[in-house]
Amino acid sequence: MPDIKEQLEFYFSDANMSKNRFIIDKMEENNGWLPVEILLTFNKLKSMECTPSHIRNAVLLSNLLELNPEGTCIRRIIPFQRINSDDRTIYIEPLPCNVTHEDLHEYFKPLKVAFAAVPKQESGKVRGYGFIEFNDPDTMEQGISLWKENRDNEGHKLHIWSQRNKEYKELLHLMKEIKKCDRNNKHESKLGWSQPKGTICQVLDITPNIVYSDLKQFIQKYGQVAFLDYFNGRPFAFVRFKNVQEMLNATDKINKLEEKPFRKLAKLHPLEEYQYRKNVTPREKRDEPQSLKSISKEENEHLVFESEDEMAFEQVEGTLKRKPASYNKVSKFMKKEK
Numbered sequence: 001m002p003d004i005k006e007q008l009e010f011y012f013s014d015a016n017m018s019k020n021r022f023i024i025d026k027m028e029e030n031n032g033w034l035p036v037e038i039l040l041t042f043n044k045l046k047s048m049e050c051t052p053s054h055i056r057n058a059v060l061l062s063n064l065l066e067l068n069p070e071g072t073c074i075r076r077i078i079p080f081q082r083i084n085s086d087d088r089t090i091y092i093e094p095l096p097c098n099v100t101h102e103d104l105h106e107y108f109k110p111l112k113v114a115f116a117a118v119p120k121q122e123s124g125k126v127r128g129y130g131f132i133e134f135n136d137p138d139t140m141e142q143g144i145s146l147w148k149e150n151r152d153n154e155g156h157k158l159h160i161w162s163q164r165n166k167e168y169k170e171l172l173h174l175m176k177e178i179k180k181c182d183r184n185n186k187h188e189s190k191l192g193w194s195q196p197k198g199t200i201c202q203v204l205d206i207t208p209n210i211v212y213s214d215l216k217q218f219i220q221k222y223g224q225v226a227f228l229d230y231f232n233g234r235p236f237a238f239v240r241f242k243n244v245q246e247m248l249n250a251t252d253k254i255n256k257l258e259e260k261p262f263r264k265l266a267k268l269h270p271l272e273e274y275q276y277r278k279n280v281t282p283r284e285k286r287d288e289p290q291s292l293k294s295i296s297k298e299e300n301e302h303l304v305f306e307s308e309d310e311m312a313f314e315q316v317e318g319t320l321k322r323k324p325a326s327y328n329k330v331s332k333f334m335k336k337e338k
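Taking UniProt numbering, the leading residue of the sequence shown gets 1, the next gets one more, and so forth.
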């Protein structure tokens, strides 16, 4: 019974209700009450094999919840008021794919976590980061200390969400400005891509714990990055440099380093770059190239072509008269990496 009471109080807590739109909507439909029959559909209570009588008895033991006279609905004794919890929430990245919100609750259990979440993609795969909300900022600071004291957590960066959220909003604003600039640049030449060609590289075999901001910062030290296509936890990334010279400088310097957070920075072959721009990066402005010059042999171990013969093709009136045998191979490669 105590477990059921604790779970019910969590459902109606400030931390959960501020993020659980479903409960808010159902309470609005029922004049501020949540029907017991809806609670019985929640997975956690189902796993406890709850019955209506179990829930009613648990509510009678609570100082936070109350039943309606019929015993069919529950609500908070003190009405819910939405509050900003960013200043007592921490954000952790990256997280292993098998970590759950229960694991985070258990780790910070001595500090009484108000809410923990490990967001998932539509496929059910975790996104590689998590949130932990505490009851107050002081407890959050204790949580930060607890996390940093454990050496096993090295490589899993922890941030105060109010600060991280500010950075995110600034980045979102920047992306909107970039998009606006793209729209304003539609008058640019339609002969080829609007962005300089020969500026995209693939980052190979990335260290598992590296995060977006750290990866971009590392590459930026050796060449000016215009765009980085990377998701935390992915073993590869694509980076577009400001111009060809920046790309050449970065690849030359980075690949000579003995210690780096990935194995190699590999320049894309022109056909690979064409397929990448076409299939992988819809956010980047691109126009269908009206001409593709014959591709010469490249000093590039990254090429997915098997021989020079397969790379040879002829151009007739802006189209490929004969696609190389490996042309489809490149397309499949890029779609697979998408």
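C-beta: ideal position from N, C-alpha, C; glycine also.
- Distance check between G233 and each of D103, K44, V59, L95 places L95 closest, using alpha-carbon atoms only.
- Of the candidates V118, G32, K260, K260 places its Cα closest to the Cα of I219.
- Distance between Q245 and I254, taken at the CA atoms: about 14 Å.
- Annotation for E133: the continuous beta strand (DSSP E) segment containing it runs 130-133.
- Beta-bridge partners of E66 (DSSP): R75.
- Setting aside the 5 residues that flank it on each side, G198 is surrounded in the same chain by V244, M247, K267, P270, E273, each with a C-beta closer than 8 Å to its C-beta; the list follows chain order.
- Residue environment analysis places Q202 among the buried positions, since at least 16 neighbouring C-beta atoms fall within 10 angstroms of its C-beta.
- T251 carries a helical assignment under DSSP once its states are collapsed to helix, strand and coil.
- Going by DSSP, L228 is part of the beta strand (DSSP E) stretching over 225-229.
- The Cβ atoms of I38 and K19 lie no closer than 7 Å to each other.
- Using a C-beta cut-off of 8 Å, the stretch 29-38 makes contact with the stretch 72-79, since at least three inter-stretch Cβ pairs fall below that distance.
- Per DSSP, reduced to three states, the secondary structure at L265 is strand.
- Shown here for T100: same chain residues with a beta carbon closer than 7 Å to its own, the five before and five after excluded, namely V118 in chain order.
- For the pair L61 and K5, the CB atoms are nearer than the 7 Å cut-off.
- Relative to F131, the option among K148, L65, N209, L104 whose CA is nearest is L104.
- Sequence-distant partners of N68 (beyond 5 residues in either direction) whose C-beta falls short of 7 Å from its own C-beta, in its chain, are W33.
- With a threshold of 16 other beta carbon atoms within 10 Å, L64 falls short and is exposed.
- Just measuring C-alpha positions, the residue of Y107, Y129, E49, R88 sitting nearest T139 is R88.
- Judged by their CB atoms, F227 and R240 are nearer to each other than the 7 Å cut-off.
- In the displayed model, Y91 falls within a strand according to three-state DSSP.
- For C50, the CB contacts under 7 Å within the same chain, skipping 5 residues up- and downstream, are I4, L40 in chain order.
- When DSSP states are grouped into helix, strand and coil, Q220 belongs to the helix group.
- As the crow flies, the alpha-carbon of D229 is around 25 Å from that of I90.
- Here L257 is exposed, its C-beta having fewer than 16 other C-beta atoms within 10 Å.
- Taking C-alpha positions only, L146 is separated from D252 by approximately 42 Å.
- Beta-bridge annotation (DSSP): F115 is paired with E133.
- Within the DSSP secondary-structure output, I83 pairs in no beta bridge.
- According to DSSP, L34 shares a beta bridge with I74.
- In the structure shown, F108 adopts coil according to DSSP, grouped into three states.
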